[in-house]
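Per numbering that gives the first Met the number 0, residue 0 is the first one in the sequence shown, and the count goes up by one each step. These notes are about the structure you will find just below.
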Amino acid sequence: MRPEGTSRRRARDGARAGALAVLREHGPVSRAELAVRLDLPKSTVAAVVDELLADGSIVEAPARPGGSGSGSGRPARSLRLAGIAGVVVGIDFGHRHVRVALADGDCRILGEDSVELDVDRRATESLDAAGDLLAGLLDRVGVTRSEVRAAAAGIPGPVNPATGTVQSPTILAGWVDLDLRAALRSRTGLDVAVDNDANHGALGEQARGAGHGYRDFIYVKASNGIGACLVLGGVVYRGSGGMAGEIGHTQLDPEGLWCRCGNRGCLEALVSVDVVRRQLEPLGIDPLDADDVTHPVARKVFAESGRTVGRVLANLCNALNPQAVVLGGDLSLTGDAFVDGVRDSIERLAQPGAGAVATVPARLGRRAELIGTLTAAIAEARAA
């Protein structure tokens, strides 16, 4: 039989971990809300909160004065995770850009820089660019490497979480088997946590965007490729080798166009920024030009592209029963036609018995992945 003290200590440790998880996923909450979410007695939560406040893991915001009609009771104080000391680094490798940012422990960006580059085909040059951009930012902001608490980088391809290498020889082929952690360490002087860029987009939207408050949602990055992140129970699901969410290579037409993965009729061969650009090129329409996206033909193409993506997502919704689908990437920024097209397919094809799925555009736009890298870096710093 285990000593009673050990059991109590483990229960307290579990409550502590649960409280931190709630604050990470849902942001500031009151003590009463925390007790409800943890399904624990208020006395237990109060003891855990006092302990977390004492060791500096969380802070309690001052009560706001009540306004008209607020009643005579004292307003509830809100608990949130404490910011970390020092700065963090986020590196966002897109298919066509490298972007680097510095932020403080509350994810306030201190400096940011980027360069346009063919990342898919020029791995070495892209990694060099990340190191150069970081060096320039540190100098401009006046921060030394010793003040950097943690760094994270997003890669536009599947990353094995155990080895830190790109997994697929057909997606980001020039990066396959490259030791990303070692390559980034040699150029930045930092230990850099690496992950798929769609996973970081989901983290950004979960922390500060359209995914906030959802425990089960699918984040889709629809740009030069089509990738997704599955957030299940509030946690990113990566799969056994980091390949979870590669919906761009779902086959829709066995006799369709050849895809870069070697198969025919993949979603990515039918829908991407490049595919849409080719469709609209005869009319001189640029799908990323805000003045062109309202053209009636452009809207038809965006809507049909959305319906095609939605067919794949409807099947995922049937399998996973998420609360929401959050649409990010360049195609989500073309206006409501694309988002409405996705929503139309999900509403028509997903099974109705599990409840409605919210289909919404990413609130952070093209910055979702960058904010996600910074969010991941802050989590790394807290865990260190």
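Idealized CB from N, CA, C, for every residue including glycine.
For S77, the closest of G153, I83, R95 and H25 by C-alpha to C-alpha distance is H25. Partner residues in a beta bridge of C316, as assigned by DSSP, do not exist. Beta-carbon to beta-carbon, N198 and C228 are separated by about 5 Å, close enough to satisfy the 8 Å threshold. Its chain contains G173, W174 and L177 as the residues whose beta carbon lies nearer than 7 Å to that of A122, once the 5 sequence neighbours on both sides are disregarded; these appear in chain order. The C-alpha of L231 lies about 15 Å from the C-alpha of A357. Straight-line measurement puts the Cα of G371 at about 7 Å from the Cα of A201. With respect to the C-alpha of L269, the residue from G305, T164 and I284 having the closest C-alpha is G305.
Here the alpha carbons of A313 and S344 stand approximately 7 Å from one another. Here V300 is near V275, since their CB atoms are less than 7 Å apart.
According to the DSSP assignment, R148 belongs to the beta strand (DSSP E) that extends over V147 to I154.
Cα atoms of R214 and V359: separation of roughly 15 Å, rounded to the nearest angstrom.
Across the set V87, R36, V48 and G13, the C-alpha of V87 shows the shortest separation from the C-alpha of A380. DSSP, read as helix, strand or coil, puts H96 in strand. Excluding five sequence positions before and after G55, the CB atoms of its chain that fall closer than 8 Å to its own CB belong to A81, given in chain order. With fewer than 16 neighbouring CB atoms inside 10 Å of its own CB, K41 falls in the exposed class. Annotation for N195: the continuous beta strand (DSSP E) segment containing it runs V191 to N195. Apart from the 5 residues on each side of it in sequence, R237 sits with its Cβ closer than 6 Å to the Cβ of P160 and A243 in its chain, given in chain order.
With the rule of 3 Cβ pairs closer than 8 Å, the region 112-120 does not count as touching the region 44-58. When V296, G89, I170 and D291 are compared, the shortest CA-CA separation from C265 is found for I170. For the 7 Å CB-CB criterion, V191 and A150 form a contact. Distances from the CA of L315 to each of G327, D291, T293 and I246 were compared; the closest alpha carbon is that of I246. Annotation for Q278: V300 place their beta carbon closer than 8 Å to its own, counting only its chain and skipping 5 residues before and after.
Taking the Cα of G210 as reference, the smallest distance to any Cα among H248, Q322, V99 and D285 is reached at Q322. A straight line joining the alpha-carbon of S167 with that of R7 spans about 46 Å. Between the alpha carbons of K220 and E124 lies a distance of about 24 Å.
Within the same chain, and ignoring the five residues on either side of C258 in sequence, the residues whose Cβ sits closer than 7 Å to its Cβ are H248, C265, E267 and A268. Inter-residue distance for L373 and G89 is about 5 Å (C-alpha atoms, whole angstroms). Boundaries of the alpha helix (DSSP H) around S344: D335 to L348. V114 sits in a strand when the DSSP states are folded into three classes. D196 places its beta carbon less than 7 Å from that of E368. Within 10 angstroms of the beta-carbon of E204 lie 16 or more other beta-carbons, which makes it buried. The Cβ-Cβ distance between L37 and G17 falls below 7 Å. Contact between N223 and V272 holds: their C-beta atoms lie close to 5 Å from each other, under 8 Å. Within its own chain, the residues whose Cβ lies closer than 6 Å to the Cβ of E111, once the five positions on either side in sequence are excluded, are A100, listed in chain order. When DSSP reads this structure, Q166 sits in no beta bridge, so it has no partner. With contacts defined by Cβ atoms closer than 7 Å, L189 and V147 form a contacting pair.
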